[in-house]
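Here is the structure we will look at.
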Amino acid sequence: MVEILKFVYALILFLSIIVSTSSAPLMLKPCITDKDCPKHRGVNGKCRKGYCVGVGRNY
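Going letter by letter, the sequence shown gives residues -23 to -1, 1 to 36 in mature numbering (1 follows the signal peptide of the UniProt record, and there is no 0).
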């Protein structure tokens, strides 16, 4: 029983890391203006030094 709980706990931690880093493709997209960057999961995309970066949250 304890082994199953440890496995479930480790699985939840692993999945949370994957979900929290899912906005990484937002940073790899080249851009010219802020309008070229998508809004991804409530985060504004801004063009900085030719690439999109996530800045702030949409409220």
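Using N, Cα and C, we set each Cβ at its ideal position, and we do this for glycine too.
Query, Result
"Residues of its chain near Thr10, where Cβ-Cβ distance is below 8 Å and the 5 sequence neighbours each way are ignored", "Cys24"
"Pairwise C-alpha distance: Lys16 and Gly22", "5 Å"
"Residue range of the beta strand (DSSP E) that includes Lys23", "Asn21 to Arg25"
"Same chain only: Cβ atoms within 6 Å of Lys6, ignoring 5 sequence neighbours per side", "Cys29"
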